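The sequence shown runs 93 to 498 under the working numbering.
We treat Cβ as the ideally placed atom computed from N, Cα and C, and that holds for glycine.
The model shown is predicted, which means the values in this text are computed figures rather than measured ones.
Heads up, the thing below is written out as structure tokens.
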Amino acid sequence: MRNRERFSLYAGYVRSIDYDQTDPYRGRDGRPSTEALADMFLPHPTFDDPVFPRLTRVRWVAIHRKALMQLAMFLVPTVTALEISCYEPLESACIKVLNGLAYRNILLTEFRIAMIGHTPAFLYLLSDVLAKQRRLVRVGLPYYSASRQIVAALAALPFLEEYGSWTFVKYQVHLGMGMDFDWDEGAFSSLKTFGLVTSLADAAKVMSRPHQPRLDDLTLISRDFLEHTHLRNLCSHLSVFQPSLTEINLFIYSKITGIDQSSAMPFDLLRPLLVCAALKVFRIRSDIPMAYNGNDIAYMAGAWPSLEILALCADPANEMGSVTGQPLRSVRSFTQSFRALRELSLYLNTSETDGVSGVPTNPSQCRLSVLDFGTSPVLADCIDSLDLSKAVYVAALLAPHAEMKS
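Right, here's the structure in full:
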């Protein structure tokens with residue numbers, strides 16, 4: 093009884109619950125696990141008299157049905173941010189949780205849900221939940237969930253600033269829900285951040301349609317085979333409809349074998365994006381390498397004077413060892429060309445060391461705080477060969493206390 097009274101006293105100070113059933117250390121540090129608390133208090137609290145009366149944020153990661161159902165005790169009127177992740181197919185339990193959310197007086201400003209597998213019945217219920225949450229500002233939904241009902245519900249949210257498809261590392265098969273995202277005139281007027289997990293072809297279609305809101309950030313994750321035409325079309329549509337973007341993230345994973353430098357993605361496919369003069373962040377990551385030269389670096393620097401973060405396919409699949417990458421001196425080209433650059437991610441060829449010796453002489457425009465070599469073996473080569481000239485050369489291009497990683 094004393095423990096329950098003490099718990100009730102301190103429960104009034106709790107603002108956030110973060111439960112992760114995948115955490116191997118959960119409940120091992122002397123504190124009771126969330127399951128123990130739920131088992132203790134689930135029969136006692138009511139919706140009008142919650143255990144945590146000032147709770148505002150809940151993050152819940154579940155792999156079992158019982159753990160997901162225990163979330164219900166924390167769905168109280170004070171909660172404004174809810175994040176649910178299901179690492180196993182738990183649609184039936186998730187539907188019960190959403191039903192509880194739909195009929196309680198909870199007004200969320202932030203709602204994210206990720207799950208493996210979903211049916212039209214789930215999407216219909218999810219659209220009903222979204223339609224009732226008129227204060228939503230940030231929304232993350234399972235990918236391949238943009239049904240017509242979902243899009244209509246999102247379009248009716250007057251304060252929506254951020255929408256994204258939320259994905260796990262584990263790839264989910266397209267279940268036939270389609271990509272029905274469309275822009276109605278006057279809808280999504282507050283939207284600034286937009287993300288999709290879909291094919292390049294579908295993304296190009298979505299971004300070619302009229303009545304788009306003026307976006308700041310765009311993220312696209314594609315796991316289909318890279319078709320140059322689709323990527324070029326996407327970039328062309330962005331240059332026309334979204335020239336004021338400040339952040340672009342393109343993650344393209346083709347899952348093909350036998351990649352070599354001849355398979356490289358030509359920079360010309362991205363050239364239409366040079367009109368996006370306000371860019372501060374540009375990332376393109378792929379299992380396919382990128383082909384570009386010194387002129388391309390100069391074009392990027394001239395077109396994107398405010399760029400702070402740049403990643404150019406630093407993680408290509410290189411099982412065959414046939415991806416050559418950029419020469420190490422290209423890092424110098426970037427620091428001489430860009431004024432505002434802070435973070436740079438490249439795949440480098442450590443065997444090509446022409447022009448790499450000691451401290452560079454000509455001054456750089458910027459000093460990097462993060463230099464990411466991706467999957468290229470720069471750091472390993474320096475250690476294995478005890479060749480410090482490469483390390484000295486690169487270190488001179490970095491700001492004090494900068495980070496090198498691979």
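Distance between beta carbons of residue j and residue i, contact taken as under 8 Å
i: Ala520; j: Leu200; result: The displayed coordinates of the chain run from 93 to 498. Any statement about residue 520 would go beyond what the structure contains.
i: Gln418; j: Leu438; result: 6 Å
i: Ile176; j: Ile205; result: 5 Å
i: Tyr34; j: Val231; result: Any answer about residue 34 is impossible in this case: the structure gives the chain only from 93 up to 498.
i: Arg424; j: Leu489; result: 6 Å
i: Arg226; j: Leu249; result: 7 Å
i: Leu463; j: Leu420; result: No, Leu463 and Leu420 are not in contact; Cβ-Cβ is about 11 Å, not under 8 Å.
Close Cβ partners of residue i (< 6 Å) along its chain, the five nearest in sequence each way excluded
i: Val229; result: Thr201, Phe251 and Glu253
i: Ser378; result: Ile344 and Cys405
i: Asn341; result: Thr311 and Arg375
i: Asp110; result: Arg151
i: Ser461; result: Arg434, Ala491 and Ala494
i: Thr467; result: Asp407
i: Ala383; result: Ala356 and Pro358
i: Tyr179; result: Ile155
i: Arg123; result: In this predicted model, Arg123 has a pLDDT of only 49, less than 50, meaning its place in the structure is not dependable enough to derive any value.
i: Arg149; result: Ser108 and Ala173
i: Leu362; result: Cys327
i: Asp112; result: Val153
i: Pro506; result: Missing from the structure shown is residue 506; the chain here goes from 93 to 498 and no further.
i: Phe144; result: Ala103 and Val106
Among the options, the one whose alpha carbon lies nearest that of residue i
i: Pro142; options: Asn325, Leu167, Ala432 and Tyr236; result: Leu167
i: Pro364; options: Ile389, Pro335, Ser355 and Ser346; result: Pro335
i: Ala293; options: Ala154, Phe280 and Leu323; result: Leu323
i: Ala159; options: Val106, Phe203, Thr170 and Thr114; result: Thr114
i: Leu147; options: Ser108, Lys284, Glu175 and Ala296; result: Ser108
i: Ala279; options: Arg306, Tyr102 and Val289; result: Arg306
i: Leu182; options: Val153, Arg204, Arg196 and Leu312; result: Val153
i: Met161; options: Thr170, Phe144 and Leu190; result: Leu190
i: Arg375; options: Ile176, Asp407 and Ala390; result: Asp407
i: Pro358; options: Gly394, Leu337 and Glu319; result: Glu319
i: Met299; options: Asp308, Ser328 and Ile205; result: Ser328
i: Met207; options: Ser257, Ile198 and Ser219; result: Ser257
i: Phe465; options: Ala487, Leu440 and Gln304; result: Leu440
i: Asp220; options: Ala194, Ala295, Val171 and Leu361; result: Ala194
i: His303; options: Lys297, Asp276 and Leu463; result: Asp276
i: Thr285; options: Ser498, Leu361, Glu339 and Cys186; result: Glu339
i: Phe203; options: Ala185, Leu217 and Leu233; result: Leu233
i: Ala185; options: Thr211, Gly209, Tyr105 and Arg157; result: Arg157
i: Asp360; options: Ala295, Asn325 and Pro469; result: Asn325
i: Glu400; options: Gly386, Asn387, Pro381 and Val373; result: Val373
i: Arg196; options: Thr170, His210, Pro212 and Gly209; result: Thr170
i: Thr321; options: Phe144, Ala296 and Pro381; result: Ala296
i: Pro381; options: Ser346, Tyr391 and Asn387; result: Ser346
Cβ-based neighbour list, residue i, same chain, cut-off 7 Å, excluding 5 preceding and 5 following
i: Ser291; result: Ser314 and Asp316
i: Leu215; result: Ser237, Ser239, Gln241, Ile242 and Met269
i: Ala395; result: Leu366 and Ala369
i: Ala164; result: Val189 and Gly192
i: Ser100; result: none
i: Ala393; result: Ser429 and Phe430
i: Ile187; result: Phe214 and Leu217
i: Arg301; result: Asp274 and Trp275
i: Glu281; result: The sequence shown places Ser at residue 281, not Glu. So the list reads Pro305, once near-sequence residues are dropped.
i: Gly333; result: Inspection of the sequence shows that residue 333 is occupied by Phe rather than by Gly. Hits under 7 Å: Met299 and Gln304.
i: Ile198; result: Leu167, Pro169 and Val171
i: Ala487; result: none
Residue i Cβ short of 8 Å to the ligand COA heavy atom set
i: Leu163; result: In terms of ligand content, the structure shown is empty, and the ligand COA therefore cannot be addressed.
Sequence-distant residues of the same chain with beta carbon closer than 8 Å to residue i, five excluded per side
i: Leu337; result: Leu307, Asp308, Asp309, Leu310, Leu330, Cys368, Ala370 and Leu371
i: Phe273; result: Ala238, Val243, Leu288 and Val298
i: Ile389; result: Ser422, Ser425, Phe426 and Ser429
i: Tyr105; result: Arg146
i: Thr283; result: Here residue 283 turns out to be Leu, not Thr, going by the sequence shown. Correct list, in chain order: Leu252, Glu253, Glu254, Tyr255, Pro305 and Leu307.
i: Tyr102; result: none
Inset, instruction - With a floor of 4 residues, list each alpha helix (DSSP H) that falls wholly inside the segment 173-218, ordered by position along the chain. - result: Taken in chain order, the unbroken stretches of alpha helix (DSSP H) that lie wholly in the segment 173-218 and span 4 residues or more are 183-194.
Legend entry - Whole runs of the alpha helix (DSSP H) within the segment 295-357, excluding any shorter than 4 residues: Within the segment 295-357, the complete alpha helix (DSSP H) runs of at least 4 residues are 320-333.
Inset, instruction - Any chance you could list the alpha helix (DSSP H) runs of at least 4 consecutive residues sitting entirely within the segment 363-414, in chain order? - result: Taking only runs of at least 4 residues, the alpha helix (DSSP H) segments lying wholly in the segment 363-414 are 386-395.
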